[in-house]
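The next block holds one structure in the form of structure tokens; read it before the comments.
Residue numbers (the numbering used here): 4 to 167.
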């Protein structure tokens with residue numbers, strides 16, 4: 004047993020007047036807790052961006068298909084290309100509006116979006132360059148990606164976006 008002089012208090016037992024600072028041990032404990040939380044939470048967020056990109060692409064594809072249908076109903080014919088949806092207007096409650104304000108983006112080929120369009124005949128092969136393809140003789144809009152999605156796309160792995 005260690006004998007201390009009367010009145011001596013070991014350093015670890017002394018009260019220290021602090022001015023709002025943290026000790027090194029407190030900081031290490033907080034960092035450890037944050038590390039454990041990050042290890043538990045971050046894997047849950049991996050893949051959300053790809054799921055969101057697929058959802059956005061499918062939604063935009065539905066929008067384009069709906070606008071082609073609306074064009075047919077209002078104009079009595081199908082558009083010659085998807086660009087015609089941007090340049091042609093129709094009366095909506097007495098107001099002239101374009102069928103599309105801007106071309107929506109396909110989000111599979113690029114995370115920043117690809118809104119390029121091409122017009123093909125049904126006998127022509129897709130170019131697999133991303134964006135949209137309007138198949139004129141069928142008045143059909145498809146995603147211009149013919150390769151299967153890899154396993155990083157989770158639930159969509161093995162699917163071809165052109166088949167959506």
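For each residue, glycine too, the CB sits at the ideal point set by N, CA and C.
| Item | Value |
| --- | --- |
| Cα-Cα separation, residue 81 to residue 163 | 26 Å |
| Whether residue 101 touches residue 89 by CB criterion (8 Å) | yes |
| Which residues DSSP lists as bridging residue 117, in chain order | 109 |
| Beta carbon proximity, residue 106 to chain D, threshold 8 Å | Included in the structure is just one protein chain, with no chain D present. |
| CB of residue 61 within 8 Å of CB of residue 156, strictly | no |
| Proximity winner among 153, 143, 115 and 66, relative to residue 126 (alpha-carbon distances) | 143 |
| Segments assigned alpha helix (DSSP H), at least 4 residues, entirely inside the region 66-99 | 87-90 |
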